[in-house]
Structures are given as C-alpha cells and as structure tokens.
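Comments concern the structure below.
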Amino acid sequence: MIEFDDVSFRYDAGTPWILRDVCLRIPEGEFTLVVGTTGSGKSTLLRAINGLVPHFTGGDFLGDVRVHGRSTRITPPRELADVVGYVPQDPMSGFVTDTVEEELAYAMESLGVAPATMRRRVEETLDLLGLDEVRARPLVALSGGQRQRVAIGAAMASHPRVLILDEPTSALDPGAAEEVLASLQRIVHDLGVTAVIAEHRLERVVQYVDRVLIIEPGGVREGIPQVMMTDAPIAPPVVELGRLAGWNPLPLTIRDARREAEPLRRILVGRSSQRPHPPVGVRRATMDSVDAAYGRTPALRGVDIEVRGGQVLAVMGRNGAGKSTLLSLLAGMITPTTGHVQVDGVDPSRLEGPELVRHVGLVPQNPTDLLECATVADECRLSDRDARVLAGTTRALLALLAPDVRDDTHPRDLSAGQQVSLVLAIILASRPPLVVLDEPTRGLDYPTKSRLAEHLRDLASQGHAVVIATHDVELVAEVADTVLILADGEVVAHGPTSEVVTSSPMFAPQVTKIMSPGIWLTVADVESALAEERRA
Amino acid sequence: MTATAIAPDTIVGTARLGRWTHPGAWWLWSLLLAVTASRTTNPLFLILLICVLALVVHRRERPGGRTFTFFLRIAAVIVVIRVLAQMLLGGAWGDTVIATLPSITLPVWAAGLRLGGPVVLEVILAGFYDGLRLAAIILCIGAANALASPRRLLKSLPSALYEFGVSIVIALTFAPQLVHDIERVRTSRRLRGRATRGPRAFAGAALPVLHSALDQSIELAAAMDARGYGRMGTAQARERRFVVALIGVAVIAGAIGLFGLMAAQVPAVLSWSLAAGALIAAAGALVLASRHRNRTVYRPDPWGRSEWIVVASGALALVISVLTTTLSPLAMNPPTDPPTWPSLPIGALLALVSAGCAGYLSTSRPEEMP
C-alpha cells in the first residue's frame with residue numbers, strides 16, 4: 046500500500062539529511078507504529094506519505110514514495126486526499142469548520158462524495174467514534190479527547206485507504222488516550238484501513254500495533270513489535286522491565302507481563318519502592334480553602350494544599366479538571382474568588398516583574414510564548430539582565446539541562462525538550478524557591494524525559510519546592526513524592542505517590558500494575574531492589 | 374422516550390422538528406431593512422426598527438452568535454460621535470440656542486471653519502437623526518451576523534467561488550485569534566518578570582505572537598491541503614482558458630460601464646448595457662466553472678416556506694415604508710428647523726410589524742421545540 050524507494054530528504058542544502066535512503070513497504074491493513082527519538086524525522090516520514098513533504102515544505106527530496114500506486118512526486122497532497130487521511134499533531138490547528146458534523150464532512154465535500162453517501166458516512170463515523178452526543182457542538186467547546194476523535198473522524202470519514210496520525214494522544218489524559226486508541230484499533234480492524242502512527246508515549250500504543258518501524262540515524266528498520274522492542278532506542282516501562290528480567294518473547298501488554306512476572310514478584314516479596322517521605326522543609330506555598338472561577342464557571346472548589354521545600358508535588362486529573370488553574374493561582378496569574386494563596390508568605394498576585402520570579406517561576410504549557418530573541422545566546426543574556434544575576438548564569442544552567450544546545454540556534458528551531466530546558470533555565474536564573482511546570486513532557490521522548498526528571502529531583506534536593514501538572518503517569522512515578530488528583534475542580538486524592546497512584550488503575554504506572562500487590566513505581570526501583578536481593 | 378427527552382442536538386436540521394432558517398434569507402431580510410432604514414430619518418421609526426431587530430435576534434439567534442451586543446455598542450458610539458461632531462462643526466442655523474461654547478474660527482486656508490460657538494437644538498437634532506439612521510443600518514448587518522454566521526453562508530456559495538470565500542472567512546477569524554494570542558503571550562511575559570505594559574512590552578510580545586500566528590496558518594493550510602481543499606476539477610485546459618477569458622471580459626466591461634454611470638459624458642444606454650453585459654459574462658463564468666468543480670455540500674440548508682416568509686417580511690417592510698414616504702414625506706423625514714415632535718404614521722407602524730413577523734413566522738430554532 047505504501048512504498049518508499051530510496052527516499053532521502055532535507056529541508057535545505059547544507060542542513061543534515063533528515064531521511065536517508067529510506068526503503069520500506071507497508072502492506073495493506075497493517076497498523077504501524079513509527080518509533081524514534083525527538084527530531085529523528087518521524088513527522089517528516091509521516092508527511093512524506095501524503096506528499097506534504099516535499100510539496101508543502103520544499104527542500105531536497107530524492108527517491109520516490111508511492112501510495113496505492115500513485116507517486117507523491119507528481120501528485121500533490123490534495124489529489125491524494127481520497128487515498129490518505131492525515132491527522133495533524135494539534136487537532137485544533139487543522140480544523141476548518143465550526144461544528145463536529147461539518148468538520149467530519151469537510152473532506153468528503155472537497156472530494157465530491159454524493160450527498161446521500163456523505164450523510165450516511167457522517168452518521169457511521171459519529172457512531173464509530175462515539176461522537177453522536179456532541180454532533181452539533183462547536184469544535185471549540187469540546188474536550189481534548191473529543192477534539193482528537195473528531196480529527197480522526199474527519200480524516201477517516203471519506204474512507205481513505207491509509208490513515209496517518211502524528212502523536213494523536215500527546216495532549217490527552219490517560220483515559221481519553223485509551224478511548225482514542227480503542228477507536229483507532231476498531232477502525233483498523235473493521236475497515237481494513239492501513240494506519241501509520243507516530244507516538245512518543247509507547248506505553249499507550251505499542252500493544253495495539255502490528256508492526257514497529259524504528260527510525261535511527263543509520264536508517265529505518267521494521268518488524269513485529271516483540272522483536273523490534275528488544276533493542277529499540279526508546280521503550281515503555283513494560284518493555285524495560287521485560288528486558289531487565291530477560292523475558293522471551295518480550296511482553297508488550299500488562300496482561301502478558303503479569304503472567305511472566307510471577308517469579309519476579311515472588312523474589313521481591315516483602316520489598317517495595319523506597320521513596321523519601323514527603324520532607325518537612327521550609328513551607329514554600331499554601332492554598333487555604335481556595336475557590337477560583339472563570340467568569341461564572343467555577344474552576345476550583347475548596348482546595349487546601351501545602352508545599353514544602355524539597356517536595357515534588359504532581360497535580361493530575363482529566364483534561365479540564367482544574368490543573369492549570371491551580372498552577373496559575375500559585376504563580377499569581379489569577380486571584381482566587383475566596384481563600385488565600387501564599388508563596389513564601391506573600392500573595393503572588395501582588396508581585397510584579399522581577400519580584401514575582403524571585404518567589405515563583407512557572408514554565409507554561411507553550412514554552413515558546415516566553416521566548417522573544419533570535420538566538421539562544423541572546424535569550425540567555427536577556428534573562429541574566431532581567432534576573433539581575435552574573436552574566437552567563439542562565440547559559441550555565443542551560444548547559445546543565447540540555448548540553449547539546451548551540452548558542453546561535455533560533456529558539457524556535459530547538460526541539461520540544463530543548464525549549465522546555467531553555468525556559469526552565471531562564472526561570473531558574475532567578476532561583477525561585479517554588480518552581481511550577483505545566484505539562485512539561487509533552488512531545489518529549491524517554492531519554493529527554495528522564496533527564497528532566499533527574500533535574501527536577503536535583504532542584505528538590507537543593508531545597509526548591511516543585512509542582513508539576515501532568516498527564517504522564519510514568520513521569521509522576523519517577524519524580525513525585527506527593528500526588529494530588531483533581532476532578533471537576535475538587536481534590537479527590539492527596540497523599541504520597543506510592544499510595545495514591547497504586548490505588549487507582551487510571552493513574553497507576555505500568556510497573557505498578559505488573560508488580561501489584563507489591564508496591565513498585567519504576568523499573569529503576571525494581572532493578573536496584575533486584576541488585577540488593579542478589580547481594581543479600 | 375418522550376419528546377422532551379430528545380437531545381436538541383439530534384433534531385437539528387429536520388424540517389418538521391424546527392430547523393435553522395437559511396442564512397441567505399436572513400441576510401436578504403437584513404439588507405432590505407437596511408435599505409428601509411437608509412430612506413428615513415424619523416427617529417421614532419428608527420428606534421422602533423432597532424427594537425424589532427433586537428427582538429428578532431433574541432428569538433432566532435444562533436448559539437454562540439453573541440455579536441449583536443457588540444454591534445449595539447458600535448451603534449451607540451456612532452450616534453454620540455455624530456452628535457458631537459455636529460455640535461462642534463455643524464454651524465449655527467436655527468433659532469433655539471441651548472448653550473454657547475467658546476469658539477475659534479480657523480484661518481481661511483483651513484476653509485474658514487468655525488469650531489464651537491452657540492449650540493443650537495436644530496443642529497443637534499439633525500446630527501442625532503442622521504447618526505440614528507447610520508446606527509440602524511449598522512445594526513441590520515449586526516443582526517444578520519447574529520442570525521446566520523458568514524461561515525454558514527459559505528455553504529450556499531457557488532462552488533467556483535468556494536475557495537475565495539474560505540480564504541475570506543479564515544482571514545476574518547484570524548483577528549480574534551490574534552487578540553487571544555497577544556493576551557496569552559503578555560501573561561507569559563509576566564512569568565519571566567518582564568514588563569506587561571508599555572510599548573516595549575508590546576514589541577516583545579509581537580514577535581512570539583507573529584511566530585505562532587504564522588505557524589498556525591501554515592499548519593492549517595497543510596491540513597486543508599491534505600483534506601482535498603483546492604482539488605483540480607474535471608475541466609479540460611481549453612474550458613479553463615475560456616472561463617478565464619470570460620472573467621476578463623466581465624471585469625473590463627464592468628469597469629467601463631461603472632465609469633460611464635458615474636461620469637455623465639458617456640451615454641447612459643452604453644454604460645447600462647456594458648454593466649449588464651459584465652454581469653452576464655460573470656454569471657456565465659461562474660456557471661461554467663462551477664460545473665466542473667467536483668464539490669458537494671453536506672446537508673445544504675433547504676430553501677422553503679420559512680425562507681420565503683423571512684424575505685417577504687423584509688420586502689414588505691421596504692415597500693410599505695416607500696409608499697408611506699411618498700404619501701407623507703414630512704412624517705418619514707421630519708424637519709428639524711423648526712424642531713417638531715416627530716409622529717409615526719400608520720404605514721410606518723405596519724412596516725415595523727411586517728419586519729418583526731420574521732421573528733415569529735419563520736421556523737423556530739431547534740431548542741425551542743417541546
């Protein structure tokens with residue numbers, strides 16, 4: 046169905062090749078996962094399938110891509126629209142119409158599908174993706190999971206033979222992500238669609254797919270998941286645990302892993318993940334029966350929290366549960382309708398300019414909003430001046446967080462992980478005692494994520510208090526000592542990580558699920574416990 | 374299941390259970406009322422017309438179309454500016470002096486205008502009537518906006534014009550998005566401890582905002598392309614050239630015709646026939662181009678009895694008001710010198726009732742169904 050013949054691509058002469066001599070065949074009806082580190086060319090490969098690369102991007106394109114027998118060299122994306130459906134990374138950015146139904150019909154209108162057929166297919170798609178209840182709703186009023194399902198529906202309603210999806214679950218909470226992937230699997234199984242998906246969070250996807258395609262600097266390899274995951278450069282915790290324990294064949298699902306894990310659980314009985322108890326450092330921030338609202342819509346109700354130095358607090362919950370509101374309150378961006386917020390004994394919403402950053406630093410969901418210079422070096426110099434610290438402070442911090450960032454790069458050209466690092470360095474230059482991060486791991490691969498986790502733990506050990514809002518249960522398992530779960534603006538759970546996440550299947554990390562009833566959070570915990578067991 | 378348990382969502386568009394009236398009907402209705410408003414300065418009539426617009430909008434507004442209050446504010450500003458301008462620059466004809474402002478007379482090279490001086494009731498009234506007329510016209514457009522979004526109107530456009538229409542609609546939605554982005558970036562700058570006010574703050578915010586706007590439009594363009602926007606139709610190259618030629622003829626004939634209509638030297642017959650020819654050529658090009666565009670429309674808005682009622686109610690209002698103006702010209706354009714208390718002829722009242730009928734006789738919006 047999809048054939049790549051010696052495909053090479055780079056954006057500009059003089060820049061490095063992003064794809065190099067890629068040859069591959071994807072047969073009809075297969076569900077393929079593209080795996081690679083950040084910046085390895087996953088999106089480029091996906092966009093080459095429907096001709097957006099090179100027709101939309103320009104650049105040097107060698108070789109040939111054929112989809113359903115049509116060459117993308119001579120066929121522009123719009124003429125391939127009847128064969129390939131494309132779901133972009135941010136569904137909102139690709140919406141053309143106002144409402145769910147119209148969006149689902151858009152591609153079919155362009156393709157000239159007969160009105161009666163179109164009507165039937167929209168109904169089918171609404172059912173298939175569970176969107177019937179919201180069919181007449183404006184797209185802006187949908188939740189993240191619903192938007193993602195609309196984007197998938199909009200791409201597949203015209204019955205393309207191929208569906209390509211760029212990180213369809215990156216912005217979703219675990220529940221919504223499961224929903225989207227279940228719908229996707231249904232489409233592949235029921236309609237025989239060939240699907241190609243790129244996703245960083247392998248733990249969510251790998252059990253659904255038929256084939257895995259790994260992009261490495263050396264080239265592209267493909268095969269069945271069990272084989273490919275044995276040495277893939279990035280792997281979900283279930284695979285890492287399997288590698289550690291030497292299970293063969295490698296389990297990809299919790300179910301398979303639990304069967305294999307029986308002996309492992311026996312060896313480790315009586316042990317558990319050791320996490321320092323929530324430390325009793327200096328009190329950095331408190332919220333005192335806080336309510337918050339946007340206009341007349343309540344966003345938070347009766348929230349009481351206390352964050353101390355040395356603590357890493359993870360705030361979790363569905364899309365729209367009030368996580369970002371809580372963070373904005375801590376950073377003084379909004380004021381509570383009732384109750385008090387204090388950071389270091391002062392009300393953060395009263396602080397202005399540099400004074401604010403000396404108390405609390407927030408890394409927003411779109412880190413690029415904070416960047417305004419043309420090069421990384423300028424950005425760092427500006428930050429030093431703003432924070433009134435020694436010249437070079439920010440640059441030194443950045444070198445610690447992301448060693449491979451070059452001075453003359455434009456901040457927009459950095460990878461997602463590097464952008465988060467740069468903004469974090471800028472924030473940290475003022476040494477705020479409270480550091481707040483909103484979804485910092487969106488678009489980060491496992492190595493970058495664990496580097497970030499390490500830095501957050503370092504910050505905590507230096508006495509900073511850290512608050513993270515995230516959907517990423519694996520990150521929480523790695524760094525947080527306390528977890529707060531919000532639902533509908535109210536706190537529904539608050540306590541040490543090992544207690545909170547192990548008691549909820551939705552927020553439990555994979556290792557916890559595999560090793561229960563033992564309390565385990567990460568592969569590293571299991572590894573060090575095993576090493577101790579062997580020594581004993 | 375009882376009828377009340379049916380979610381409003383499931384009955385949108387089904388004719389028997391209430392549906393949205395065709396957006397084209399509402400736009401025609403508003404334009405007819407705008408013409409009606411432009412032909413009168415009777416303040417009672419204009420104020421009542423604005424009330425009728427508000428009433429119909431209230432009854433038939435699309436959810437999310439909260440634009441009417443915005444237009445109301447613009448209308449109020451227009452009236453105030455018009456009255457103030459009249460007060461300062463309007464001159465001093467009339468006898469009813471209310472107050473006297475300090476005045477300056479500009480030198481001759483500035484047309485010898487006099488600013489300030491006596492404030493005369495007649496002058497202010499004239500300004501008020503005129504401002505009210507403009508406000509009513511603007512509110513007609515505002516009502517059309519609230520009753521049917523321009524985006525819905527797109528669906529009824531001939532398919533040859535579709536791409537053109539989409540680009541205009543996207544450009545229109547771009548501005549509010551930009552305002553939203555600026556707000557977001559400004560709050561983010563505060564996180565960095567930078568100024569959020571003043572020109573430097575604005576300059577600092579401009580770059581990230583423009584960057585993200587550009588990224589967004591490229592992303593949108595790619596997504597639209599990937600979904601078949603702008604696909605080639607089945608037309609042969611020869612036909613396409615013919616359409617282009619036809620459009621060229623229409624443009625040239627139209628330009629000359631319009632020039633002729635405005636410059637009195639060209640014989641009227643020639644300019645009218647050129648203009649008519651241009652229209653025919655343009656229509657022909659549209660029909661030809663549309664025939665080969667392989668576009669279909671999902672659930673097109675039907676044009677039925679309700680639509681005819683809406684258009685008829687607007688048309689009737691215009692006809693009645695024109696008749697009333699002919700019968701009693703003074704009532705519809707009350708004199709301001711000397712100032713008289715305006716009266717409302719029975720015809721004007723009938724015109725208003727006719728305009729308001731659209732809000733009651735057109736199909737009700739889906740939520741209102743039992």
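Chains as they are written, first to last, in the working numbering: chain G, 46 to 581; chain A, 374 to 743. For each residue, glycine too, the CB sits at the ideal point set by N, CA and C.
* Would you verify that the beta carbon of A:ALA521 is, or is not, closer than 9 Å to some beta carbon of chain G? => Residue numbering aside, residue 521 of chain A sits at position 148 when the second sequence is read from its first letter. Not flagged as an interface residue toward chain G: A:ALA521, since no C-beta distance is shorter than 9 Å.
* G:ARG426: first and last residue of the uninterrupted alpha helix (DSSP H) it sits in -> Indexing the first sequence from 1 puts residue 426 of chain G at position 381. In the DSSP assignment, G:ARG426 falls within the alpha helix (DSSP H) that extends over 421-432.
* **CA nearest to the CA of A:HIS553, picked from A:THR699, A:ALA579, A:SER679** => For this step, residue 553 of chain A is matched to residue 180 along the second sequence. Among A:THR699, A:ALA579, A:SER679, the Cα nearest to that of A:HIS553 belongs to A:ALA579.
* Closer than 7 Å by beta-carbon distance: list the chain G residues that pair up with A:SER561, in chain order. => To locate residue 561 of chain A, count along the second sequence from 1; it is residue 188. Those are PRO409, ASP414, LEU415, listed as they occur along chain G.
* Which whole-angstrom value describes the C-beta separation of G:PHE52 and G:LEU107, a residue pair presumed to lie in contact below a C-beta threshold of 8 Å? -> Reading the first sequence from its first residue, position 7 is the one you call residue 52 of chain G. Reading the first sequence from its first residue, position 62 is the one you call residue 107 of chain G. In the sequence as displayed, the identity of residue 52 of chain G is Val instead of Phe. Between G:VAL52 and G:LEU107, the beta carbon gap of about 7 Å places them in contact (Cβ cut-off 8 Å).
* With a 10 Å radius around its C-beta and 16 neighbouring C-beta atoms as the bar for buried, classify G:GLU577 as buried or exposed. => The residue labelled residue 577 of chain G in the question sits at position 532 within the first sequence. Exposed, since its Cβ has fewer than 16 Cβ neighbours within 10 Å.
* To do: Can you give me the start and stop residues for the alpha helix (DSSP H) that G:ALA200 sits inside?
  => Numbered from its first residue, the first sequence carries residue 200 of chain G at position 155. Looking at the DSSP string, the run of the alpha helix (DSSP H) that includes G:ALA200 is 189-201.
* Mind listing the chain A neighbours of G:LEU401? Cutoff is C-beta to C-beta under 8 Å, in chain order. => For the purposes of this step, residue 401 of chain G is taken as residue 356 along the first sequence, with counting starting at 1. Correct list: ARG563, LEU564, GLY566.
* So is G:SER460 in contact with chain A if we call contact Cβ pairs under 9 Å? -> Numbered from its first residue, the first sequence carries residue 460 of chain G at position 415. Cβ-Cβ to chain A under 9 Å: no for G:SER460.
* In terms of residues, what are the limits of the beta strand (DSSP E) holding G:ILE513? -> Reading the first sequence from its first residue, position 468 is the one you call residue 513 of chain G. Here the beta strand (DSSP E) through G:ILE513 covers 510-514.
* For G:LEU374, is the beta carbon positioned less than 8 Å from some heavy atom of the ligand ADP? -> Among the ligands in the structure shown, none appear at all, so the ligand ADP cannot be discussed.
* Please decide whether A:SER585 counts as near chain G, where near means a Cβ-Cβ distance under 9 Å. => Stepping through the second sequence from its first residue, residue 585 of chain A is reached at position 212. At a cut-off of 9 Å, the C-beta of A:SER585 has a neighbouring C-beta in chain G.
* Is the CB-CB distance between A:ALA728 and A:LEU520 below 9 Å? -> Here residue 728 of chain A refers to the residue found at position 355 when the second sequence is read from its first residue. Here residue 520 of chain A refers to the residue found at position 147 when the second sequence is read from its first residue. Not in contact: A:ALA728 and A:LEU520 (Cβ atoms no closer than 9 Å).
* C-beta atoms of A:LEU643 and A:GLY627 nearer than 9 Å -> Here residue 643 of chain A refers to the residue found at position 270 of the second sequence. Here residue 627 of chain A refers to the residue found at position 254 of the second sequence. No.
* Euclidean distance between Cα positions of G:ASP50 and G:PRO213 -> The residue given as residue 50 of chain G occupies position 5 in the first sequence. The residue given as residue 213 of chain G occupies position 168 in the first sequence. G:ASP50 and G:PRO213 have their C-alpha atoms some 27 Å from each other.
* Asked: Does the distance from the CB of G:LEU64 to the CB of G:PHE54 come in under 9 Å?
  -> For the purposes of this step, residue 64 of chain G is identified with residue 19 of the first sequence, where counting begins at 1. For the purposes of this step, residue 54 of chain G is identified with residue 9 of the first sequence, where counting begins at 1. In this structure, G:PHE54 lies closer than 9 Å to G:LEU64 by Cβ.
* Around the Cβ of A:CYS424, are there at least 16 other Cβ atoms within 10 angstroms (buried) or fewer (exposed)? -> Taking the first residue of the second sequence as position 1, residue 424 of chain A is located at position 51. A:CYS424 counts as exposed, since fewer than 16 other C-beta atoms from the protein chains shown sit within 10 angstroms of its C-beta.
* Same chain only: Cβ atoms within 6 Å of A:PHE501, ignoring 5 sequence neighbours per side -> Numbered from its first residue, the second sequence carries residue 501 of chain A at position 128. Hits under 6 Å: VAL456.
* Asked: What are the residues of the stretch 445-477 of chain G that lie near chain A, defined by any Cβ-Cβ distance shorter than 7 Å?
  -> Flagged, chain order: ARG457, ILE471, SER475.
* To do: Assign G:TYR491 to one of two classes, buried (16 or more other C-beta atoms within 10 Å of its C-beta) or exposed (fewer than that).
  => Here residue 491 of chain G refers to the residue found at position 446 of the first sequence. Taking all protein chains in view, the Cβ of G:TYR491 is crowded by 16 or more other Cβ atoms within 10 Å, so the residue is classified as buried.
* Option in G:ALA159, G:LEU258, G:LEU78 with minimal Cα separation from G:VAL67 -> Your numbering for residue 67 of chain G matches position 22 in the first sequence. It is G:LEU258.
* **Own chain partners of G:ALA538 with C-beta closer than 6 Å, once the 5 adjacent residues on each side are dropped** => As a working note, residue 538 of chain G is residue 493 in the first sequence. Closer than 6 Å at the Cβ level, and outside the excluded window around G:ALA538, lie ILE530, VAL545.
* Nearest neighbour of G:LEU297, chosen from G:GLU572, G:ILE119, G:TYR253 [CA to CA] -> Taking the first residue of the first sequence as 1, we reach residue 297 of chain G at position 252. It is G:TYR253.
* Asked: Terminal residues of the continuous beta strand (DSSP E) containing G:PHE54?
  -> Sequence index remark: in the first sequence, residue 54 of chain G carries index 9 (1-based). 47-55 is the extent of the beta strand (DSSP E) around G:PHE54.
* Keeping to the same chain, check which residues put their C-beta closer than 8 Å to that of G:ARG118; ignore five residues upstream and five downstream. => Here the question's residue 118 of chain G lines up with position 73 in the first sequence. Excluding five sequence positions before and after G:ARG118, the CB atoms of its chain that fall closer than 8 Å to its own CB belong to PHE106, ASP109, VAL110, given in chain order.
* Asked: Using a Cβ-Cβ distance under 9 Å, would G:SER138 count as near chain A?
  -> Mapped onto the first sequence, residue 138 of chain G falls at position 93. Contact with chain A is found for G:SER138, since one of that chain's Cβ atoms lies less than 9 Å from the residue's Cβ.
* According to the neighbour-count rule (16 or more other Cβ atoms, all chains shown, within 10 Å of its Cβ), is A:ASN518 buried or exposed? -> Indexing the second sequence from 1 puts residue 518 of chain A at position 145. Under this definition A:ASN518 is a buried residue.
* Have a look at A:THR383 and G:PRO270 and give me their C-alpha separation to the nearest angstrom. => In the second sequence, residue 383 of chain A corresponds to position 10, counting from 1. In the first sequence, residue 270 of chain G corresponds to position 225, counting from 1. The pLDDT assigned to A:THR383 is 40, lower than 50, so where the model puts this residue is not dependable, and the model offers no usable value.
* Asked: At which residues does the alpha helix (DSSP H) containing G:ALA302 begin and terminate?
  -> Residue mapping note: residue 302 of chain G aligns to position 257 of the first sequence, counting from 1. Where G:ALA302 is concerned, the enclosing alpha helix (DSSP H) stretches over 299-305.
* Asked: Is there at least one Cβ from chain G nearer than 9 Å to A:THR669's Cβ?
  -> Start at 1 with the first residue of the second sequence, and residue 669 of chain A comes out as number 296. Closer than 9 Å: yes.
* Using a beta-carbon distance cut-off of less than 7 Å, what residues from the stretch 141-152 of chain G approach chain A? -> Residues passing the 7 Å Cβ filter: VAL141, ASP143, GLU147, ALA150, TYR151, ALA152.
* **Neighbourhood of A:LEU661 by C-beta distance below 6 Å, restricted to the same chain and skipping five residues each side** => The sequence position of residue 661 of chain A within the second sequence is 288, counting from 1. Counting only residues of its own chain and dropping the five nearest sequence neighbours on each side, A:LEU661 has a CB closer than 6 Å to the CB of VAL616.
* Asked: If you check the beta carbons only, do G:GLY390 and G:SER188 fall under 9 Å apart?
  -> Indexing the first sequence from 1 puts residue 390 of chain G at position 345. Indexing the first sequence from 1 puts residue 188 of chain G at position 143. Not a contact, by the Cβ cut-off of 9 Å.
* Interface flag, G:TYR339 vs chain A, CB-CB below 9 Å -> Working through the first sequence from its first residue, we reach residue 339 of chain G at position 294. By this cut-off, G:TYR339 is not an interface position.
* I think G:VAL128 touches G:VAL112, with their Cβ atoms under 8 Å apart; what is that distance to the nearest whole Å? -> The count along the first sequence starts at 1 and reaches residue 128 of chain G at position 83. The count along the first sequence starts at 1 and reaches residue 112 of chain G at position 67. At roughly 6 Å, the Cβ-Cβ gap stays under 8 Å, so G:VAL128 and G:VAL112 are in contact.
* Using a Cβ cut-off of 7 Å, which residues of the stretch 267-283 of chain G contact any Cβ in chain A, in chain order? -> When CB distances to chain A are screened at a threshold of 7 Å, not a single residue of the stretch 267-283 of chain G falls below it.
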